[in-house]
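Before any comments, here is the structure.
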Amino acid sequence: MGTNKLADWIHKGSLLLENNHSNRQKVKPQVPKSAERPLIYEQKKKNYIETNKIYTILSTPRQPQKQTDWLKKETYGKVPQYLSNIKQRIYQSFLQQQEDYANQNNHFKLLSESELHEIRKGLKQRYDLINFEYQKYSHHKKFDNVSLRRKQEQYERELDQLEKDMEKVNKSQVYVIK
């Protein structure tokens with residue numbers, strides 16, 4: 001742990017520093033005695049109203065501040081630069097949108113009336129065929145096995161999808177992706 005030798009310990013008063021009074025505050029002057037009163041001059045009474053009257057009479061009248069004529073400024077009637085910058089950014093974004101729209105339209109093709117007629121005819125034939133098959137299973141009140149039920153559900157899904165497709169094709173203009 002440590003040594004308990006007497007030489008290692010500090011003895012009382014061995015590290016005593018000399019007391020230096022340099023950090024004390026300076027002595028303040030004494031308070032004056034009651035017999036030593038300062039001289040008080042008698043104050044004259046000033047009439048502020050009369051003084052103010054004389055001041056206003058002798059002063060020159062105020063001149064109105066010169067109004068700036070905004071019509072004669074060199075920037076009058078000119079479009080500020082920040083508005084020109086905003087207008088340019090809006091125009092650039094408009095051109096970008098037009099370009100995107102043109103590129104997007106290149107990916108689509110308008111179907112002709114004969115093509116639409118063929119597609120409608122094919123969808124109608126497919127719908128009639130699936131509906132005929134579906135009618136075979138619709139009279140069953142109780143499905144004995146799972147395969148019959150799945151078959152009927154598949155026909156229902158196909159019929160729903162064909163109805164949606166027929167609605168889309170019945171529009172006057174139909175676009176398809178190239």
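Numbering (the UniProt record's numbering), first residue to last: 1 to 178.
Idealized CB from N, CA, C, for every residue including glycine.
Everything numeric in this text was worked out from a predicted model, so none of it was measured.
Ranked by how close their Cα comes to the Cα of Ile119, the residues Asn103, Gln96, Gln92 and Leu162 have Leu162 in first place. Contact annotation: Val79 and Leu123 have beta-carbon atoms that are not nearer than 8 Å.
Nearest in C-alpha terms to Ser172, of all of Ser138, Leu111 and Asp128, is Leu111.
The straight-line gap separating the alpha-carbon atoms of Ile177 and Glu115 is approximately 14 Å.
Residue burial annotation: Tyr155 is buried, with at least 16 other C-beta atoms found within 10 angstroms of its C-beta.
Secondary structure note for Ile177: its beta strand (DSSP E) is the uninterrupted segment Tyr175 to Ile177. Between Ile130 and Glu158, the C-beta gap is smaller than 8 Å, which places the two residues in contact. Taken in chain order, no unbroken stretch of alpha helix (DSSP H) lies wholly in the stretch 51-79 with a span of 4 residues or more. Residue state for Leu148 is assigned as helix, using DSSP reduced to three classes.
By the CB criterion at 8 Å, Tyr175 and Lys121 fall outside the cutoff.
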